[in-house]
Amino acid sequence: MTSTDPVPLPDYAGEAPGHGVERVDVVVVGAGLAGLTAARALTARGLAVVVAEASDRVGGRTKAREVEGSLVDLGGTFVGPTQDRIIALADELGLDRFATFDAGSNVISWRGAIKHYRGTIPPIGPIGLADIGRIQFEIDRLGRGIDTAHPERSPHAAKWDSHSLTSWLRSIHALPSSHTLMSIVSGTTWGCEPGEISFLQVLRYIAMAGGISRMLDTAGGAQEEHFRQGSWQVSARMAAELGDRVRLATPVTAVDWTDDGAVVTAGPARFRAARVVLAVPPALRARIAFSPALPTPYSALTQRWPQGILSKAYAVYEQPFWRDAGLSGQALADTGPVTITFDASPHDGSRGILLGFIGGDHARHWDALPPAERRIQALSSFAEVFGEKALTPLGFTDQLWAAEAWTGGGPTAAPAVGTVVSTAPYLREPVGPLHWAGTETAEAWTGFMDGAVRSGERAAREILRALRPFAEVAP
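Per our numbering, residue 35 is the first one in the sequence shown, and the count goes up by one each step.
Encoded structure:
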């Protein structure tokens, strides 16, 4: 069999051909970065693929909106060093990158005072700085001992899984200032409070990113660059290539499977396939009726890996006025609702755009407010660190990821204490003809756009090895 031969599909459950069932090689569930990457790779190898997307758009946890003539990324936004797969894919699709503006001083609103500083760690006093430095050193040191692909096999895995980030900080007698800073990190990284996430997952996640500095920094870190055309365009351009293989507003409600194949019910359509890629967050797998039911450890993922809660606010100004004051546009605040900001202005500075993140408990409260009140609170947060000019933008928009029916939250899953050791082995291990993708299943940069792309590539390789056993498949 050559790499372009059609895949012989099994008869399924004695059902005769026809009867409204469309035959394909692979059904991909979800048209985010992971699903579209898998579909693109499989289509390139000659397989017949259909992508079933529940929403009326592609992109998953990437999304774009125009505000006063400026494009803003409502979901995944930044890329940085070692995020090689998303960058290579974007380059191939013709997207350009530009550096996130970070010249000048950062700002922190801390204990009622406004301070300016340089670098990642804010000025919280010499004792506080020493303590947060100690915590960063310990987390990075412990992370180097984590088996990121199989965290349950790591030394002391059960011990770290029995801790939340909060309880671990208490166990090492972290100062209140360190608890506050790590709460900001937790809210914007995992969309949860530090008491809600397993410390084993914290160590694994940070290790996958290459350490705390790599994860949090702008220059040299995960926030180093933007896509000029917007990150959503990565998905949009892949979907354009795939054409009518992508079916929007087509939620998958049932997957009937055996070891030899599956019948997938997606909206009014049914597909018989040799393989299925489920590129949805673990929690959203529960919306699909599997017959037979998934093995217990796989179904447990739907309850034990809930989505975090992270929202974003954008304000568009005539110009990036903070730059005139020598400020980078990056800020931290210990009050909220916005706890972290970035300068998200276009590459030519033709407009000034401030991006604010609202996560964890702040997002739970803020998301429940009427739109006008959310706007007032977000702009007040901007004004607290950048001055009164921030109160009068040309335009404003926000994105509540927890309100997205087919996303369920973001930016990633936040597994609770005691859940990672027992469930992580089943994040990506295939079940019969079922393969798993999505940023949570990645072995590097989980939670980021790069992790999503890596997971789609890995799922495609698994399927090609199964269906094209004599063809050459890249490692």
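Here a beta-carbon is modelled for each residue, glycine too, at the ideal position from N, C-alpha and C.
8 Å CB neighbourhood of Y46 in its chain, flanking five on each side removed: Here residue 46 is taken as the residue at index 12 of the sequence shown, counted from 1. At Y46 the pLDDT is 40, less than 50, meaning the model places this residue with poor confidence; the figure from the coordinates comes in the next sentence. Here the set comprises D290, T292, D294, G295, A296, V297, R306.
List the whole-angstrom C-beta distance separating L361 from S139, where the pair is believed to meet the contact cut-off of C-beta under 8 Å. As a working note, residue 361 is residue 327 in the sequence shown. As a working note, residue 139 is residue 105 in the sequence shown. About 6 Å separates the two Cβ atoms, so the contact holds.
Between the CA atoms of E275 and I155 - distance to the nearest angstrom: As a working note, residue 155 is residue 121 in the sequence shown. As a working note, residue 275 is residue 241 in the sequence shown. I155 and E275: Cα-Cα distance of roughly 43 Å.
Quick check on DSSP: helix, strand or coil for R95? The count along the sequence shown starts at 1 and reaches residue 95 at position 61. Coil, per DSSP.
Taking only three categories from DSSP, how would you classify S170? Along the sequence shown, read from residue 1 onward, the residue named residue 170 stands at position 136. Reading off the sequence shown, one finds Gln at residue 170, where the question assumed Ser. Of the three classes helix, strand and coil, the one that applies to Q170 here is helix, per DSSP.
For T473, count neighbouring Cβ atoms within 10 angstroms of its own Cβ and tell me buried if that reaches 16, exposed if not. Position 439 of the sequence shown, counted from the start, is the residue given in the question as residue 473. Buried: at least 16 other Cβ atoms inside 10 Å.
Let me make sure I understand the geometry here. Which of G386, L335, W266, P331 has the alpha-carbon closest to that of D358? Walking along the sequence shown from the start, residue 358 turns up at place 324. That would be G386, whose Cα lies nearest to the Cα of D358.
Give the secondary structure of H207 by DSSP, where H, G and I count as helix, E and B as strand, and everything else as coil. Residue 207 sits at position 173 when you count from the first residue of the sequence shown. Residue state, collapsed to three classes: coil.
Which word fits V41, buried or exposed, when buried means at least 16 other C-beta atoms lie within 10 angstroms of its C-beta? Counting from one through the sequence shown, the residue named residue 41 turns up at place 7. The pLDDT assigned to V41 is 45, lower than 50, so where the model puts this residue is not dependable, and the model offers no usable value.
Output the residue ranges of the beta strand (DSSP E) runs that lie fully inside the region 384-442 and measure 3 residues or longer, sorted by chain position. 386-393, 429-434
Closest to T284 by CA distance: which of I497, G490, D90 is it? The count along the sequence shown starts at 1 and reaches residue 284 at position 250. For T284, the nearest C-alpha among the options comes from D90.
Is the Cβ-Cβ distance between L237 and I180 less than 8 Å? Locating residue 237 in the sequence shown gives position 203, counting from the first residue. Locating residue 180 in the sequence shown gives position 146, counting from the first residue. Contact: yes.
Contacts around V92, its chain only, beta-carbon distance under 6 Å, and the 5 residues preceding and following it disregarded: For the purposes of this step, residue 92 is identified with residue 58 of the sequence shown, where counting begins at 1. Closer than 6 Å at the Cβ level, and outside the excluded window around V92, lie A65, S269, A273.
To which residues of the same chain is W194 closer than 7 Å at the C-beta, ignoring the five residues directly before and after it? Your numbering for residue 194 matches position 160 in the sequence shown. Hits under 7 Å: F233, L234, L237.
Whole-angstrom C-beta distance between T71 and G490, which should lie under 8 Å: The residue labelled residue 490 in the question sits at position 456 within the sequence shown. The residue labelled residue 71 in the question sits at position 37 within the sequence shown. With a Cβ gap of about 3 Å, G490 and T71 count as contacting.
S456, enclosing alpha helix (DSSP H) - first and last residue: Walking along the sequence shown from the start, residue 456 turns up at place 422. 454-457 is the extent of the alpha helix (DSSP H) around S456.
Pull up the distance between the alpha-carbon of D107 and that of A412, whole angstroms please. Here residue 107 corresponds to residue number 73 of the sequence shown, with the count starting at 1. Here residue 412 corresponds to residue number 378 of the sequence shown, with the count starting at 1. Computed Cα separation, rounded: 17 Å.
C-alpha gap between R319 and T336, whole angstroms: Walking along the sequence shown from the start, residue 319 turns up at place 285. Walking along the sequence shown from the start, residue 336 turns up at place 302. In this structure, the straight-line span from the alpha carbon of R319 to that of T336 is close to 6 Å.
On the DSSP bridge assignment, give the partners of G363 in chain order. On the sequence shown, position 329 is the one that residue 363 refers to. Per DSSP, none; premise fails for G363.
Going along the chain, which unbroken runs of the beta strand (DSSP E) with 3 or more residues stay wholly within the region 67-123? 83-86, 98-101, 104-107
What does the Cβ neighbour count give for L425, buried or exposed, with the cut at 16 atoms within 10 Å? The sequence position of residue 425 within the sequence shown is 391, counting from 1. Per the 10 Å Cβ criterion, exposed.
Considering only their Cβ atoms, is the gap separating V141 from P350 smaller than 8 Å? Here the question's residue 350 lines up with position 316 in the sequence shown. Here the question's residue 141 lines up with position 107 in the sequence shown. The displayed chain sequence assigns Val, not Pro, to residue 350. Result no, Cβ atoms of V350 and V141 do not sit closer than 8 Å.
Tell me which same chain residues have a C-beta within less than 8 Å of the C-beta of G254, skipping the five on either side of it? Here residue 254 refers to the residue found at position 220 when the sequence shown is read from its first residue. Counting only Cβ-Cβ distances below 8 Å, and skipping sequence neighbours, we find G114, P115, S247, R248.
Pick from T330, Q433, P380, E418 that is closest to L403, judged by C-alpha positions: Here residue 403 refers to the residue found at position 369 when the sequence shown is read from its first residue. Looking at the Cα atoms, Q433 is the closest of the given residues.
Compare the C-alpha of T223 against each of A256, T182, L209 and name the closest. By 1-based counting over the sequence shown, the position of residue 223 is 189. Just measuring C-alpha positions, the residue of A256, T182, L209 sitting nearest T223 is A256.
From I148 to G443, what distance separates their C-alpha atoms? To locate residue 148, count along the sequence shown from 1; it is residue 114. To locate residue 443, count along the sequence shown from 1; it is residue 409. For I148 and G443, the distance between alpha carbons rounds to 32 Å.
May I ask which residues mark the beginning and end of the beta strand (DSSP E) holding E230? Reading the sequence shown from its first residue, position 196 is the one you call residue 230. Segment: none, E230 is in no beta strand (DSSP E) and carries neither H nor E.
Simplified DSSP assignment, three categories, for E496: Within the sequence shown, residue 496 is the residue found at index 462, counting from 1. Correct three-state label for E496: helix.
Count the other C-beta atoms from every protein chain shown that fall within 10 angstroms of the C-beta of S325, then say buried if there are 16 or more, exposed otherwise. Residue 325 sits at position 291 when you count from the first residue of the sequence shown. It is exposed - the Cβ of S325 has fewer than 16 other Cβ atoms within 10 Å.
Compare the beta carbon distance of T475 and R462 with 8 Å and say whether it is the shorter of the two. Here residue 475 is taken as the residue at index 441 of the sequence shown, counted from 1. Here residue 462 is taken as the residue at index 428 of the sequence shown, counted from 1. Yes, the pair counts as a contact, with Cβ atoms nearer than the cut-off.
Could you check the C-alpha separation between P427 and T111 for me, to the nearest Å? Within the sequence shown, the letter at position 393 stands for residue 427. Within the sequence shown, the letter at position 77 stands for residue 111. Here the alpha carbons of T111 and P427 stand approximately 21 Å from one another.
Nearest-angstrom Cα separation, counted from G177 out to P185: Counting from 1 along the sequence shown, the entry for residue 185 is found at position 151. Counting from 1 along the sequence shown, the entry for residue 177 is found at position 143. One C-alpha to the other measures close to 10 Å.
Is the CB-CB distance between A450 and G342 below 8 Å? For the purposes of this step, residue 450 is taken as residue 416 along the sequence shown, with counting starting at 1. For the purposes of this step, residue 342 is taken as residue 308 along the sequence shown, with counting starting at 1. Going by C-beta atoms, A450 is not nearer than 8 Å to G342.
Considering only C-alpha positions, which residue in the set A164, A137, I161 is nearest to I151? Translated into the one-based positions of the sequence shown, residue 151 becomes position 117. Residue identity differs from the one stated: residue 151 is Tyr in this sequence, not Ile. Considering only alpha carbons, the answer is A137.
8 Å Cβ shell around A437 - same chain, five flanking residues per side excluded: As a first step, residue 437 must be located in the sequence shown, where it is residue number 403. Closer than 8 Å at Cβ, skipping near neighbours: D401.
Quick check: the Cα distance between M371 and I218, rounded to an integer number of angstroms? As a first step, residue 371 must be located in the sequence shown, where it is residue number 337. As a first step, residue 218 must be located in the sequence shown, where it is residue number 184. Here the sequence assigns Pro to residue 371, which means Met is not the residue at that position. Rounded to the nearest angstrom, the gap between the Cα atoms of P371 and I218 is 11 Å.
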